[in-house]
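Take a look at the structure set out below.
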Amino acid sequence: MSPDTRSLPIVGDSALDTGVPRSWMTTRLDYVVNWARRNSIWPMPFGTACCAIEMMAAAASKYDIARFGMERMSFSPRQADLMIVAGRVTYKLAPVLRRVWDQMPQPKWCISMGACASSGGMFDNYTIVQGIDQIVPVDVYVPGCPPRPEGLIYALMMVQEKIKGESLANDRLRMESPGSVGRPNLPPEAIELVAQPFGNSTRQNRGSGIEATSAVQQPRDRIERLIEHRD
Amino acid sequence: MSTTLDIQLVEGAARPESVEADVAITALRRTFGAVLNETHLDAIGVPVATVAPGSVHDVLTFLKTDADLLFDMLVDVMGVDLGGGRPIQVWYQLWSTQHGRQLRVVTHLPVSDLTVRSVVDLWQAANWLERESYDLYGITFEGHPDLRRILMPENYDEGFPLRKDFPLRGRFGRPEQVRRALSRDREDVYAREELALAGMLPDSDDEPVPALDVPGDMSPEDLTDGLEGERMLVNLGPQHPATHGVLRLVLQLDGETVERCIPHLGYLHTGFEKTCEYREWNQIVPYTDRMDYLAPMLYNVGYALAVESLLGVEITPRCRVLRVVLSELNRILGHLLWLGTNAIDLGAFTVFLYTFQERERIYNLHEAYCGARLTTSVTRIGGMLADLPPGWTAACREFVDGLATTLDESERLLTKNSIWLARTLDVGALDGETAINFGLTGPNLRASGVAYDVRKARPYLGYEEYDFDVPVGAHGDTYDRYLVRLEEMRQSMRILSQALDRLPDGPVNVEDPAVILPPKSESMASIDSMIAHFKLVMEGLQVPAGDVWYSIEASKGELGFGIVSDGGSKPVRCRFRGPSFVNLGVLAHLSEGYLLSDLIAVNASLDIVLGEIDR
Chain A
1 MSPDTRSLPI VGDSALDTGV PRSWMTTRLD YVVNWARRNS IWPMPFGTAC CAIEMMAAAA
61 SKYDIARFGM ERMSFSPRQA DLMIVAGRVT YKLAPVLRRV WDQMPQPKWC ISMGACASSG
121 GMFDNYTIVQ GIDQIVPVDV YVPGCPPRPE GLIYALMMVQ EKIKGESLAN DRLRMESPGS
181 VGRPNLPPEA IELVAQPFGN STRQNRGSGI EATSAVQQPR DRIERLIEHR D
Chain B
232 MSTTLDIQLV EGAARPESVE ADVAITALRR TFGAVLNETH LDAIGVPVAT VAPGSVHDVL
292 TFLKTDADLL FDMLVDVMGV DLGGGRPIQV WYQLWSTQHG RQLRVVTHLP VSDLTVRSVV
352 DLWQAANWLE RESYDLYGIT FEGHPDLRRI LMPENYDEGF PLRKDFPLRG RFGRPEQVRR
412 ALSRDREDVY AREELALAGM LPDSDDEPVP ALDVPGDMSP EDLTDGLEGE RMLVNLGPQH
472 PATHGVLRLV LQLDGETVER CIPHLGYLHT GFEKTCEYRE WNQIVPYTDR MDYLAPMLYN
532 VGYALAVESL LGVEITPRCR VLRVVLSELN RILGHLLWLG TNAIDLGAFT VFLYTFQERE
592 RIYNLHEAYC GARLTTSVTR IGGMLADLPP GWTAACREFV DGLATTLDES ERLLTKNSIW
652 LARTLDVGAL DGETAINFGL TGPNLRASGV AYDVRKARPY LGYEEYDFDV PVGAHGDTYD
712 RYLVRLEEMR QSMRILSQAL DRLPDGPVNV EDPAVILPPK SESMASIDSM IAHFKLVMEG
772 LQVPAGDVWY SIEASKGELG FGIVSDGGSK PVRCRFRGPS FVNLGVLAHL SEGYLLSDLI
832 AVNASLDIVL GEIDR
C-alpha cells in the first residue's frame, strides 16, 4: 500500500511557493510511526491445526496477504510484530505460546484466529486451553471454525486500524513488567469465570456416571460477573 | 537415477463364514485351547479371539511366525474401558500381508493388575501404540524399552484420561490447570534419558559438562581436535515451520549428523476420543474432520461407514458412488498440500502456489456442496447431509480435466530437478519388511514395494468395480514416496472420472426412519414422520451393542475406527487409528545417521498431520 500522501500537508508545493525546499514535509510523529508500523506488520504464525491451513491459504496465490505488507512471515518471534494464534492450544503447548509471546519485542499485537483459540471451541475437555486470552493478551478475535481467509484479512485490517490510534506519548501502552513473563494473563478468579461449561455438553456420559461440575452459567451471568470482577 | 514404478496388485481374501471356519481361530484353538477364552466375529466379520493376559505374548508370537498364518503387521493396539470397575480390554489388530487376513486378539486386564507383556520385540509398531495405551489407560507393558507418557506431559498428574472415572474436563479446575501448564519445569518437557544426555539429571551426582576452556593461543585445528566426540542436543519445534505443525524433535547431533532423534508428541492432543464418548453418533461427524483437516471428507466417510457396519444399514447406490467421488477428491486435496509443503521444506516455493491454486478449486467444490471450505462434516449415519447441488458434477469434471496440467507443471519443476534429486534420492530409504514391521501404511508403505491398499485388499464402497492401479515404489526412499503420491493423484483422477460417469440417480439417504430424519415437509404433514422425527431428535440414533474395527484407505494410510457400542445413543469407545501416528514412528529409524537437513526432507516425505497424530 502506498502512503496516503494526500493527508500529508506538503510544504513546497508548486502552487504555494514559500521558498522552502521541496524535499521537506511536516506531519505528526505519531502519524509517521503508525503509518510505518501498520503497513509492514511481520506476522509470527503460531499455527497449530485447521486454522493454520486457512492461514496458509491467506498467504497463497488467491488471497495473497502481501497486498497488506504482511507476506513476510517471521518464524522467529524476535523479528515479529504480530502473533497469529491459529488453531487449538493445549495445556502442553501453553508454556510454548507464552514463551513465544514473551520473546517478541514491543510493539506487538496478537490475533486469536478461530473458535478454539478464542474460547476452546468445541473442545471443552481436559487438554484444551479455554481461550488463549488466559495465557496472552489478545487484540483481535476472529470467529469461525475455521475462519475464511477473508476473515483473517479483515482481522489484520482491524489491527491496522488499532495501530492508527496509538500514540508514542502514551508510555503505558507498550509497558511490560518483567514480573509478567511466563505468568497467566488473567487472575485465577477470571479464568474460573470465563472457562465455565456451556449447557450440558460435559456431563452426558452414561458409562462414567454423572460427574460433578459447577452450576451451568448463562452467557449473560458470565458477562455481568466478569464486569463485576473487573471493577 | 531413474526410479521405475512397477504395478502390483494384492487381492483380498474373503472373510470367513463363521468363526469356527476361520483358519487363525482354528490354529489358535489347536495350540492354545486352554487360554482361549472366547471367540466371535465382529460387526464386519473379523474374527476376534479373547485370550488370557499371561499368554498374549505367546499367542502373538505364534500368530506372527506360524507359516500358515504370518500376521506380519500389527495395525493397532488400543484400550477399551467399559466402566463400572469392569476389566480394561486391550485390542491387538493384526493383518497378514501374505494371506490377506485380519484378526483381532483381545485380552481383559483386571483394574487391580493392569499389566501385560510388551510386544515391541515382535513389532516396532507397538512402541508408540503401547505408550499411548499406557498414557491414556495406565496399562503397564512389561519389557517396553521406553514406557513413558506420549501425548500428555511427562509428569501429568491428573490421571489416565480415557478411563471412565476420569472427568471430561480433567480433575483440576481451570485456573489450576493453567497455573500448572505455565509452571512446567524441565522434567515435564524432557525425558529423563535426554536430561542424562545433557548431563542435567537432577538427582545424579554428575556435574554438568563444563564449558570448554579454550586458551587464547589455540589454532583452529587444535580447537577441532578438542571438540572431537562432542555432542550437541538440539530442540527442534514445537514451533518450527518445517515440522508441519507442533511436532517436537529432540536431536543429538555430531556436527550436522543426527545421531539420535527423539520425537515428542502431544502438543496438539485434543482429546477427541474422550470427547466423542460424550457425543451422540451423528454429533461425532464434525469432530472427525478436525483430525485430518487436510483431507477431511475421508474421515467423514470412514466414520460413517464404521457406524453403519454396526447398524447393519446398507447405504443407497447413489450415496456409495458419491462417497467415492468425495473420497478421491479429498485424497487429491491431501496429496496436493503434501506436495506444496514438501517442496517448501526443500526450498521450492512455486509449487506451493500452484498446488494451493488447485486446492482453492476443490474448496470451491466443497463450499458449493456443504458450505464449508475444510471442516466439511458431509456424512450422516445412513447417508449424506444433502444431495449434490445442480451443476456440481459438471464443475467437478472440469476440475479433474484441469488438474492434469497443474500436476504436469509441478512435475516439470521437480521430478528431474537436480536439487530435488540430490535432496531426495536414497535419502531415508526403507525396505518393505522393515516398513511392515513399523506398521507403515499408505503411500509410505507402497513406496517401499508393498502393494497394500485397503481399497484393493478389503474393498469397500464398491472400489472393486473401479479400474485403477496401485503404484508401488522400488527403493522406499524420499524420492519414491514423492513419485508414488504423484501417481496416486493421477489414479484418483481416473477413479473420479469413472465415478462421475456412473453416478446413479435416486435417493442419497436410506429410507429408515430410525436412522435418518424424515424430510421437513413430511414431518410437518404426517403423524408417522413426526413421531420418527421426535424420537430421533429426543432419544438420538440407537446403535446396537457390538464392536467393530473398521478401516478405509485415507490419503495418509490405513485409517481405522475401533468402535464399541452398548446399544445406546453414544459410543462407549471411539478409537481413531490415525495413519500418520504410526507412520511417524519410523522417523527416528529413518533419520539417524543422516544430516539434519535430510531429516527435514524425510519428515516432509512422510506426509504427517499433527491433528491426527496427537488427536
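Protein chains in written order, with the working numbering: chain A, 1 to 231; chain B, 232 to 846. Beta carbons are placed, not taken as given, at the ideal position from N, Cα and C, and that holds for glycine.
Nearest-angstrom Cβ-Cβ length linking residue i and residue j, presumed shorter than 8 Å
i        : j        : result
Ile563/B : Ser811/B : Not really, about 18 Å apart at Cβ, beyond 8 Å.
Arg846/B : Phe503/B : 5 Å
Thr607/B : Pro548/B : Between Pro548/B and Thr607/B the Cβ distance is about 22 Å, and since that is not below 8 Å, they are no contact.
Tyr848/B : Gly791/B : Look at the range of chain B in this structure, 232 to 846, and you will see that residue 848/B is not part of it.
Ile111/A : Val159/A : 7 Å
Ser854/B : Val833/B : Since the first and last residues shown for chain B are 232 and 846, residue 854/B lies out of range.
Three-state secondary structure (DSSP) of residue i
i        : result
Ile256/B : helix
Arg411/B : helix
Ser796/B : strand
Pro441/B : Its pLDDT being 47, under 50, Pro441/B is placed unreliably in this model, and the value from its coordinates should be taken loosely. Note: Pro441/B maps to coil in three-state DSSP.
Asp307/B : strand
Thr665/B : helix
Met755/B : coil
Cys145/A : coil
Gln329/B : coil
Met1/A   : Because the pLDDT of Met1/A is 42, which lies under 50, any placement of that residue in the model is unreliable, and the number read from its coordinates should be weighed accordingly. Met1/A falls in the coil class under three-state DSSP.
Phe302/B : coil
Pro735/B : coil
Leu862/B : Here chain B covers residues 232 to 846 and nothing more, so residue 862/B does not appear.
Gly848/B : As shown, chain B starts at 232 and ends at 846. That puts residue 848/B outside it, with no answer to give.
Val658/B : coil
Gly788/B : strand
CB contact below 9 Å: residue i versus chain B
i        : result
Leu152/A : no
Ile84/A  : no
Ile128/A : yes
Lys162/A : no
Pro81/A  : The question names Pro, but residue 81/A in the sequence shown is Asp. It does not: the Cβ of Asp81/A has no partner Cβ on chain B nearer than 9 Å.
Gly87/A  : yes
Lys232/A : With chain A represented from 1 up to 231, any question about residue 232/A goes unanswered, as that position is not in the structure.
Glu71/A  : no
Ser61/A  : yes
Met104/A : no
Glu176/A : no
Met157/A : no
CB contact check: residue i to chain A, cutoff 9 Å
i        : result
Val817/B : no
Val420/B : yes
Phe397/B : yes
Gln470/B : yes
Ile831/B : no
Thr506/B : yes
Leu827/B : no
Gln588/B : yes
Ser760/B : no
Ser221/B : Residue 221/B cannot be examined here, being either before or after the span of chain B that is shown, 232 to 846.
Ser414/B : yes
Gly276/B : no
Arg410/B : yes
Phe669/B : no
Leu577/B : no
Arg332/B : no
Arg405/B : yes
Pro621/B : no
Val266/B : no
For this session: Pair every Cβ in the region 685–693 of chain B with every Cβ in the region 504–521 of chain B, then say whether three or more of these pairs are closer than 8 Å.
Result: no
Problem set entry | Contact set between the region 337–348 of chain B and chain A, restricted to residues whose Cβ is under 7 Å from the partner | none
For this session: Note down, in chain order, all residues in the region 482–500 of chain B with a beta-carbon under 9 Å from any beta-carbon belonging to chain A.
Result: Gly497, Tyr498, Leu499 and His500
Exercise. Is there contact between the region 700–720 of chain B and the region 731–748 of chain B, where contact requires at least three CB pairs shorter than 8 Å?
Worked result: no
Exercise. Listed in chain order, which residues of the region 26–46 of chain A have Cβ atoms closer than 7 Å to some Cβ of chain B?
Worked result: Phe46
Exercise. Counting Cβ pairs closer than 8 Å, one from the region 381–389 of chain B and one from the region 61–80 of chain A, do we hit at least three?
Worked result: no
Exercise. Taking three-plus beta-carbon pairs below 8 Å as touching, is the region 404–411 of chain B in contact with the region 347–362 of chain B?
Worked result: no
Problem set entry | the region 693–701 of chain B / the region 325–334 of chain B touching (three or more Cβ pairs under 8 Å) | With the cut-off at 8 Å, the region 693–701 of chain B and the region 325–334 of chain B do not touch.
Exercise. Taking Cβ-Cβ distances below 7 Å as the criterion, which residues of the region 599–610 of chain B are in contact with chain A?
Worked result: Arg604, Leu605 and Thr606
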